[in-house]
Each structure stands twice: as structure tokens, then as C-alpha cells.
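J.: Terminal number for the sequence shown in full-length UniProt numbering: 510, no gaps in between.
Glycine residues also receive a C-beta, built at the ideal position from the N, C-alpha and C atoms.
Just so we're clear, the structure is a prediction, and the values are computed from it rather than from any experiment.
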Amino acid sequence: MAMAADQLPDDPDALKAMVLARDVENARLIQIIKELQRHRFGRRAETLPEDQLLLGLEEAEQIEAADEEENEQASPAERLERARKRRTNRGALPPHLPRVEMVVDIEDHACPGCRNGLHRIGEDVGERLDIVPAQLRVIVVRRPKYACRACEDVVVQAPAPARLIESGLPTEATVAQVLVSKYADHLPLYRQAQIYARQGINLDRSTLADWVGRAAWHLRPVHERLLGKLKTSPKLFADETTAPVLDPGRGKTKTGQLWAYARDDRPWNGSDPPGVAYVYAPDRKAERPIAHLAGFTGILQVDGYGGYRVLAEKSGVTLAFCWAHVRRRFYELAAAGPAPIASEALRRIAELYKIEDVIRGRSADERRAMRQENSRAIIADLEPWLREKLGLISQKTKLAEAIRYTLSRWEGLTRFLDDGRIEIDSNTVERSIRPIALNRKNALFAGSDGGAEHWAVVASLIETCKLNGVEPLGYLADVLTRIVNGHPNSQIDDLLPWAYIPAPELRAVA
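As C-alpha cells, then:
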């Protein structure tokens, strides 16, 4: 923060110490900025975890805020100026939030000069964001019984409302909160149980697990329909990540896989809404994506995993490969020390990405035309250059391996030139994998294959909600309520996140 000249110390030693302290802080901020730039523009293997970067940044912001507060407390003029800037820049609070009016009025409505009555000429209105801690409440359902005095055996009573957990404690909104906390906020069930215990509600972890399992069972048809709708798309992304699963027979965990199939046509203004469906499998065999994508005949954008080639051969799927994975291999070589060939490859690939930055958000036809005009020449020069360099180096080196990786996938890597719907990389689906990795980090492993399947079901709906700007807690509470109240299977498309419109009476319950 800039300081006025009269605020600087007169003592040279104190001034020198202040400058040195600022230099240290500036160096730290510059490093954070560089890491953030690498996180934003670099590939996944080149970056630090986002939460680590944000932790460093927020600590720097805290230090700056504490310094500002100290200066404001010492200078009333500066405090008033900062307050004026906050009023100008803070923005408006969302209109859907409830407002609680608080009138701050004068005690004496008589004129301090002549004692005549004052009349109101206006008011200043300010809004502040307040929070009420999460409040647990009890819904008491009363069902009066009626009898006829003339007919002794007649008793009339309204049927009990349908419940997700028959004879259980939770409303559907409560179960939805547990699902969102576990799969969106990455809070394991034992931690949630501790949170409820602090509010005097003793819920065993096994009880919460029972709720999750029953909810996931009811949500399976929506998940299946989500995957089915994605498979009707002309283009999808695919990726997979490990899903450690407890293996009681061996007393340790086994490594399953969560496969992700994603659609996001927003970069070329496609009309289909974005979505992602996860599917659990106990292994990484090629037969898994073949089974998952049965009936899909479009373009599949993937990394270099060989199982996708088997899929393409057996099902007619067209593969588009990922330049981010190519770039990553050359980056690892260039980062390790002087590597002129790898560095030159990175420079050429960077030229492709500059073009992609310009055309993002344009129509598929515009993207194709600009790629033909600008990217094709870069690609045309790159292939013979790579082949030439491969002939000059030892075939046992990592550099030769990176070049062979690129050339062996050349057809799929260059497919984006002729189709504006294809992205240059598969980062779209990699972003959808990150929440799975966060949940894996916090929960360590799934308790069983069935638990991993529940993970896939609920995470699919939550992440698709996020892609479509739908609030997942309200969505899950509403959808579970509709399902237990007999929502017809013929109208299951209405329950997909991108088609979801909450009913007013259900929104109030949620």
C-alpha cells in the first residue's frame, strides 16, 4: 500500500528497515503471482495445487489488511477515505436474500435550535451481509383422525406424506445437506457427525451412511439418464482417475477407477448444456469405457491412454487427442535443465494456444476457419521438424519418448484443425476430475465398490449442477422429494440438472 511522505520515518535506519521489509514482502507476492500464472496458463503437471496457491495469496492479503487497519486507526482521514472507497466498490447484495430492517433514529425529534418539531426529509440506507448459523429445526407433522358418530367403524385420516427414510428422522433437505457436504464440500461423514453433535444432535456416522446409501439408490435412474443423454452428443471428453476402495479381505485398499465422461460445448457456442457423468469400475481395462459408452458414435477427446484406441477400433468412435499432454512431456524436460529441442517444441505449441485464446467463444465454423488460416501452418511445420530431431538423438532418451508419443498420435492431435467443435486439449474433463481428487484426499478411500458407485452417482449430479449454475443443495432436496412422491419415470428428463425448475412449494421445504 502506498504511503504519504509525511508518514515515512525520519530515522534512516528505520526507513531502511521499512524498505527491506517491503522488499521481502514484494518478492513473496511476485512469487505467488508467478505461481498463479503458471496455474492459470500452465498444464496440470507444472502447477502447484490450487489450494496451496490460494493459501499463500490469502495470507498476503491478510497482512495487507492488517497494515491498512493499523494506518486507518491512526488516521481518521484515511479511515473515512477507505470507507468511501468501500461504498463505491463493494457492489450490491443479491435481491433474493431476505432483508431485516433496522431503523437507527434520533432520540429527540425537536429542533436543537428552536425546539420546533423536526420533519423527515429523507434517509440514508446501507446494507450489510449478515449470517445466521445453520439452524436445525423439527418438522412436526400432525394428521388428525376423524370418526363418524353414526358409523362406529369409520375413521378417516389423511395419508402420511412420503418420506425418503421411512420412519426416519431426516427430511429430504437434511439428506441433501449430507450429500452436498460429503461430495461437494468434501466433508467425510464422521466430521459431519461431529458438526451435528456440537448442536446437540447425536447422529452416528453409520446413520448418515444409511441416508447416503438410500438417497444414492433413488438417484441412480437420474444418473443413468444423465449418462444416456451425454452419449447422444456428437462429441464428449473422457478421462479417469483412481478411486481407492477398502478391500476387507486383504486388510487394505484396492485401486478402482472413476471414469468421467463430460460434455461442454460452450467454447464454440453449442446449444447442448454442459454435463459430466462419473462411472465406477474396479479396474482400468479397455472394456470399461467400451461398456460405458455403448451406443456413442461421436468424437471422443482423450489423453494418451491406449484403452481408448481399442474403443475406437471396436465401436467406430473417432478419437481426438490432447495437446496439453504433449506439452507436459516437453515441459518436464525443459524444466529439468537446458533442453533446446524441448524448449523449441514448447514455443511452437504455445503459438497454437495463442490462437485458441483468440477463437474461444466463437462459432464452430469461425474456429475452423481461423485454425485453417493460422494453426495449420504451425502444425505442418511441426511434424517434419519433430521427425528430423528424432533422427538426430538417442532413441532411449526421454526426449525421443516425448517425440514418439506425439507422432504416434498425430492424426488425433491434428483433428481439431478440421472441426471447430473439437478443443485443442482435454482440460475440460480434467477440471471435472479435480473435485473427485479433493474428495479422495479428504475421505482417503471408499468403503466398498458399492460406496464408490454411490460416489459416482451423487458426484455426477452435483458437478453437473455446478456446470449449469444450479445450486446443488436445493436441487437434490427438490429432486429427492419429487422422487419419493412418485415422479413418473417417463418424465425423468425433467429431473436432470440443466432442465431442473424448482417447484415453489418444494423450494420452501428445501
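(1) Taking residue 122 as the reference, which of 128, 103 and 112 has the closest Cα?
(2) Which value, in whole angstroms, describes the spacing of the CA atoms of residue 115 and residue 107?
(3) Taking 8 Å as the threshold, find out whether the segment 346 to 364 comes into contact with the segment 268 to 281 through three or more Cβ pairs.
(4) Do you know how far the Cα of residue 334 is from the Cα of residue 235?
(5) For residue 450, does the three-state DSSP call read helix, strand or coil?
(6) Let's test the definition: count the other Cβ atoms within 10 Å of the Cβ of residue 76 and tell me whether it reaches 16, buried, or not, exposed.
(7) Sort out for me which residues DSSP pairs residue 239 with in a bridge.
(8) Which residues bound the beta strand (DSSP E) around residue 279?
(9) Per DSSP, what are the beta-bridge partners of residue 464 in this structure?
(10) Using a Cβ-Cβ cutoff of less than 6 Å, which residues in the same chain neighbour residue 510 once the five nearest sequence positions on both sides are dropped?
(11) Determine the DSSP secondary structure at residue 184, reduced to helix, strand or coil.
(12) Mind checking who residue 146 pairs with in its DSSP beta bridge?
(13) Grab me the residues of residue 428's own chain with a C-beta within less than 7 Å of its C-beta, minus the 5 sequence neighbours each way, in chain order.
(14) Among residues of its own chain, excluding the 5 on either side of residue 322, which ones have a beta-carbon nearer than 6 Å to its beta-carbon?
(15) Would you report the Cα separation of residue 413 and residue 405, rounded to the nearest angstrom?
(16) Given a cut-off of 8 Å on the beta-carbon distance, is the pair residue 240 and residue 284 in contact?
(17) Measuring alpha carbon to alpha carbon, tell me which of 379, 493, 437 and 464 ends up nearest residue 257.
(18) Using 8 Å for Cβ pairs, my map puts residue 293 next to residue 231. What's the rounded Cβ distance?
(19) Can you give the Cα-Cα distance for residue 407 and residue 196, rounded to whole angstroms?
(20) So, at 7 Å on beta carbons, what are the nonlocal neighbours of residue 119 in its own chain, with the 5 sequence-adjacent residues on each side left out?
(21) Cutting at 6 Å between CB atoms, please list the residues of its own chain near residue 218, excluding the five before and the five after it.
(22) Can you give me the Cβ contacts of residue 277 inside the same chain, cut-off strictly under 6 Å, excluding the 5 residues immediately before and after it?
T.: Let's see:
(1) Of the residues 128, 103 and 112, the one whose Cα lies closest to the Cα of residue 122 is 103.
(2) So the two alpha carbons sit approximately 14 Å from each other.
(3) Between the segment 346 to 364 and the segment 268 to 281, the count of C-beta pairs closer than 8 Å reaches three or more; the two stretches touch.
(4) In this structure, the CA atom of residue 235 is about 33 Å from the CA atom of residue 334.
(5) Residue state, collapsed to three classes: helix.
(6) That one is exposed.
(7) Beta-bridge analysis with DSSP links residue 239 to 260.
(8) First-last of the beta strand (DSSP E) with residue 279: 275 to 281.
(9) In DSSP, residue 464 forms no bridge with anything.
(10) Residue placement at residue 510 is poorly supported in this model, since its pLDDT is 38, which falls under 50; the coordinates still yield a value, given next. Excluding positions up to five away in sequence, the list reads 173, 474, 477 and 478.
(11) The DSSP-derived three-state label of residue 184 is coil.
(12) DSSP lists 156 as partners of residue 146.
(13) Counting only Cβ-Cβ distances below 7 Å, and skipping sequence neighbours, we find 237, 262 and 264.
(14) Cβ neighbours of residue 322 beyond the five flanking positions: 303, 425 and 426.
(15) Our two residues, residue 413 and residue 405, have alpha carbons roughly 11 Å apart in a direct line.
(16) Annotated as proximal: residue 240 and residue 284, with beta-carbon spacing under 8 Å.
(17) Across the set 379, 493, 437 and 464, the C-alpha of 437 shows the shortest separation from the C-alpha of residue 257.
(18) Between residue 293 and residue 231 a beta carbon distance of about 6 Å is seen, short of the 8 Å cut, so the two are scored as contacting.
(19) Residue 407 and residue 196: Cα-Cα distance of roughly 56 Å.
(20) Listed in chain order, the non-local C-beta contacts of residue 119 below 7 Å within the same chain number zero, local neighbours out to five positions each way being set aside.
(21) Cβ neighbours of residue 218 beyond the five flanking positions: 483.
(22) If we look at residue 277 and ignore the five residues flanking it on each side, its Cβ neighbours are 226, 227, 230, 261 and 460.
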